[in-house]
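Taken in order, these protein sequences are the chains called V and P. So the first sequence is numbered by this note's numbering: it starts at 1 and just counts up by one. So the second sequence is numbered by this note's numbering: it starts at 1001 and just counts up by one. The beta carbon of each residue, even a glycine, is placed where N, CA and C say it ideally should be. Keep in mind it's a predicted model, so treat the numbers as computed, not measured. A quick write-up on the structure given underneath.
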Amino acid sequence: MEHIRAPNSLELGPGMKDRHPITHHPSPITPPSHHPVTPSPAVAMRGISKRFGSVVANDRVDFEASWGEVHALVGENGAGKSTLMSILAGLYRPDSGEVEIDGAPARLRSPRDAIARGIGMVYQHFMLVEPFTVTENVVLGEQRSGVDLELGRVERELAGLSEKYGLGIDPRARIWQLSVGEQQRVEILRLLYLGARILVFDEPTAVLTPQEARSLLQTLRGMAAQGFSVVFISHKLDEVLEVADRISVLRRGEIVATTRPAETDRRTLARLMVGRELAEVVEQPASEPHEPVAQGDAVLEVRGLYALGEKGLPALRGIDLDVRTGETLGIAGVAGNGQRELAETVTGLRSVTDGSLRIDGKELTNRPAAEIARAGVAHIPEDRLATGLIGGMDLSENAILRGYARPPLCSGPFLASKAVASFTDRLIADHDVKTPGRWAKLRTLSGGNQQKLLLGRELAGEPRLIVAVHPTRGVDVGATEAIHQALRDQRARGAAILLISEDLDELLALSDRIVVLFDGRVMGAMPASGADPEEIGLLMAGIGNRESEVGTRV
Amino acid sequence: MLCIAGLKNWSGASANRATEASPLRSDKQASRSAHDSRLTTHDSPCRLSVLPSRRLDMTDILTPAFLISVLAAAVAAGTAILFACLGELITERAGVLNLGIEGIMLVGALSGAGACIWSGSAWVGAVVALAAGASMAAVHALLCVGLRANQVVSGLALTIFGAGLSAFLGRDIVGVPPPSAFRRIDIPVLAEIPVLGRILFQQSALVYISIALVVFLWWYIYRTRAGLRLRAIGERPEAADAMGIDVARLRALYVIAGGALAGLGGAAISLGTNPGWTEGMTAGRGWIAVALVIFAAWNPARAAVGAYLFGGVEAGQFRLQTAGVDISPFFLNMLPYLFTILVLVLSTREATRRLLGAPAALGRAYVREDRG
């Protein structure tokens, strides 16, 4: 057993030696993971506090994870889950508190220390160097001083490990050639190679198709069964209930409960996360009643649309779609299959290389973004602070970014400050934006409140078409509810909505029809009511006969 | 001011070498024929170049002996640029842009010449130039890596500071010939190889060092663990950080090492191709080195090709003039800069940069993001 160097400083607990995760000889049948036999927990974090400036991310948190268990850490965005785990991974140092690994106090001053203690983290944004091969990324993590890269040796060992754990990774592949799911498995492979025995996953299923997510969850269970300690950050309650042995709920930097799946349910967990009752998160989204709205003429008509992506390669390859008044068209797909480019071409931010774009029958292909906006297109962009709002400017300045050049917000070359003030105040009141006032700098607001202000601004002119990209990403549950309601109201008013999201539940809850994008093409389309997430998942993975599904036009 | 002085130096430096290495004709002949050729139209392309009373035209210039002498001079002249370019290359590979190379080269050139005059040894000069370059770059490392200041601003400040500082400290030794310099050493056996021997193995010690450095850096960047870390911190510092690599420490280290090489590049002028100190004597070679890194696609071997190409332009322009080719000397003087602008224009497009393989985190300060 050479290639896994079990960290010397880490004493295996009694009974753990047999269950050491990686051995060449077949491991003996392991005891059921629900009843860990080792006395000392794999991880014990006590009284951890961490603040960033005035924001308290963790407030005297106690957290424990045992060998052989999957421990889920749930909570809203900003509850402090990632911070807590980043402390465990050595990325942040806590302001106070202690960490014990396998019963021994651990000083985790850097990721190097954490790796040496057998702690490995799979971050939400993978920590892989894209132009490097899988093997090179692994060698990067080896704490070894030699000169030679020893790529051949590492490659062979990785191939063996990949086979053993059924990860299906070619060690010689370059990272950028791999799909998101494969990249995630590279991360897992690397942690296994580096001898990690405590595996932390930060929202690992957020970027996967349903099938990939299920297979990952099985992998996690399998690792726990082999004696690893698996910590799993998520806010998808179904997953958590399915896979976890124990569940800890974080709210505003504090652990409010630690429980077992058998002793709880969606509703209880949701209440614990948010601190109050919520209608939506406990409903099964697919069964959400969808009041019918009379659908009229096509507002957006896209025909044979081609556009280039960031790397100068075709990102859209002949997209056809229509969105009618009173209709929400949901675009599903794994990130990077043309969703961003679609939103940007429709709003005029990216040029069309072929095909046409019409709004309300008006030819707007490759017209300036301002003209498209004047035609009644609202845009809720993917990255609100990059494309939608300006962090360093105050709320009123952000509120008038769309309409500043037209009366009543201006008169001649001057801004009409009274009109600006009343306009902003109305936005703040109508959309329940929590802020000290319209003079506050935008970046001091939480993500949810920023998004509500953006939404208010974009919806203010009663747009004909709303292009919403990940409208609830990084937004707390309360704001998510408000944003969903606003989009429903717009649909009822008769707006056409192009909704792009990676959250299948959100798409199913809000859309009339779902279109699946894969590799810049429409893979399939179906009505949202009664749509089968399994089928959508297959289409997202590029599996399926699109001709028979779609016909000629969506 | 600086620029004009630079241009003068540039052609001056070339003049020294051109006369020393022109096998075809004496100075007198050269200038006479240069004069004559302006009156000649190129009407007889098949004129034999061995005729004693010939007039010069393109056929003379394209003789093998002439080309070899130009190539040898190109390697000699390109060495200063090569050192600076390799310095910038490892700096940028680590994700830091250093626009202070020109200033660092000037300080290196001055301290090299000064230390040589003081000690009598060119080698002492070279070591002092290395140290001076390193300490200049240490300022850049402190500002950009330690304090995460804007890399462009800090680099430009360093260039202006280096130009001023070297002009100020060098007042007393302007034009003083150093007692020693890096002179031509023929490497036994290898120097006898036809063509290649004359071009590569009848050069100064600094040239040999620079060639060895190209080979070493290529191996280091692509074949060692340290090189893998170097590429990782320039490509995706957060990934390197998560893997337990101390990004800030390594970046600072490479910025300083890169500065040391740029300093040595300065000394390669003041102790090599154009011995002695003159104000502004690097004449924009530092900027050319920065542009060359892009041209070289961050690869040391290609950096050598690029540096010798510029060396060739530099060495060739004077030879063309003496050979009587009817091109304005001002135009020829302008060539290196024109080429630099061209390289920069063509390669600053985001798409081109990615195609060339620019380090993805180049110019971006790294800080662990705060998350909630």
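| Query | Result |
| --- | --- |
| In the structure shown, what three-state DSSP assignment does V/Asp476 receive? | coil |
| Where do the N-terminal and C-terminal ends of the beta strand (DSSP E) with V/Met526 fall, by residue? | 521-527 |
| State yes or no: is the beta carbon of V/Glu136 nearer than 8 Å to at least one beta carbon in chain P? | yes |
| For V/Ala416 and V/Asp354, I'd like the C-alpha separation in whole angstroms. | 42 Å |
| Bridge partners of V/Met45, per DSSP? | V/Phe63, V/Val99 |
| Is DSSP giving V/Val70 helix, strand or coil here? | strand |
| So what's V/Asp354 in DSSP terms, helix, strand or just coil? | strand |
| Determine whether the Cβ of P/Ala1239 lies closer than 8 Å to any Cβ atom of chain V. | yes |
| For V/Pro105, does the count of other Cβ atoms within 10 angstroms reach 16, so buried, or fall short, so exposed? | exposed |
| Where V/Val126 and V/Leu208 are concerned, what is the direct C-alpha to C-alpha distance, given to the nearest angstrom? | Here residue 126 of chain V turns out to be Phe, not Val, going by the sequence shown. If I take the Cα positions, the gap works out to 13 Å. |
| Kindly indicate which three-state DSSP category P/Trp1287 falls into: helix, strand or coil? | helix |
| Run down chain V in chain order and give the residues with a C-beta less than 8 Å from the C-beta of P/Ala1232. | Val129, Phe132, Leu140 |
| DSSP beta-bridge partners for V/Phe232? | V/Ala72, V/Phe201 |
| Under three-state DSSP, which class holds V/Ile169? | coil |
| Beta-carbon within less than 6 Å of P/Leu1154's beta-carbon, same chain only, minus the 5 sequence neighbours each way: which residues are those? | The amino acid occupying residue 1154 of chain P in the given sequence is Ser; Leu does not appear at that position. Only His1140, Leu1143, Cys1144 meet the Cβ criterion. |
| For V/Arg491 and chain P, any beta-carbon pair shorter than 8 Å? | no |
| Which class does V/Pro14 belong to by DSSP, given the choice of helix, strand or coil? | Any answer about V/Pro14 is weak, because its pLDDT of 37 lies below 50 and its placement is not dependable; what the coordinates show is given next. The answer is coil: DSSP assigns V/Pro14 none of H, G, I, E or B. |
| Among residues of its own chain, excluding the 5 on either side of P/Leu1156, which ones have a beta-carbon nearer than 6 Å to its beta-carbon? | Leu1099 |
| Return the first residue and the last residue of the beta strand (DSSP E) that P/Ala1134 is part of. | From DSSP, P/Ala1134 is part of no beta strand (DSSP E) but of the alpha helix (DSSP H) over 1122-1141. |
| If I follow the unbroken beta strand (DSSP E) through P/Phe1182, where does it start and stop? | Here P/Phe1182 belongs to no beta strand (DSSP E), and DSSP marks it neither H nor E. |
| Considering only C-alpha positions, which residue in the set V/Thr345, V/Arg521, V/Ala369, V/Ile500 is nearest to V/Thr328? | V/Ile500 |
| Suppose you measure from the CA of P/Thr1040 to the CA of P/Gln1321; what does that come to, to the nearest Å? | With a pLDDT of only 36 at P/Thr1040, under the threshold of 50, the placement of this residue in the model should not be trusted; the figure read from the coordinates follows. For P/Thr1040 and P/Gln1321, the distance between alpha carbons rounds to 15 Å. |
| If I follow the unbroken beta strand (DSSP E) through V/Thr259, where does it start and stop? | 254-259 |
| For the segment 103-120 of chain V, list every residue whose C-beta sits within 9 Å of some C-beta in chain P, in sequence order. | Ser110, Pro111, Arg112, Asp113, Ala114, Ile115, Ala116 |
| Along the segment 1081-1093 of chain P, what residues have a CB closer than 7 Å to any CB found in chain V? | none |
| Does V/Gly146 come within less than 8 Å of chain P when only Cβ atoms are used? | yes |
| Who are the neighbours of P/Gly1357 on chain V, taking C-beta pairs under 9 Å? | Pro131 |
| Checking 8 Å against the spacing of the C-beta atoms, do V/Arg384 and P/Gly1244 come in under that value? | no |
| For the alpha helix (DSSP H) that contains V/Gly152, what are its first and last residues? | 151-164 |
| Any idea if V/Asp102 is buried or exposed, counting beta-carbon neighbours within 10 angstroms, 16 or more meaning buried? | buried |
| V/Gly90 and V/Ala57: beta carbons closer than 8 Å? | no |
| For V/Asn77, does the three-state DSSP call read helix, strand or coil? | coil |
| Measure the C-alpha to C-alpha separation of V/Ile87 and V/Arg109 and round it to an integer number of angstroms. | 9 Å |
| Once you ignore the five residues that flank V/Gly544 on each side, which residues in its own chain have a CB closer than 7 Å to its CB? | Met523, Gly524, Leu538 |
| According to DSSP, simplified to helix, strand and coil, what is P/Ala1248? | helix |
| Using 8 Å as the threshold, is the C-beta distance between V/Val302 and V/Ile380 below it? | no |
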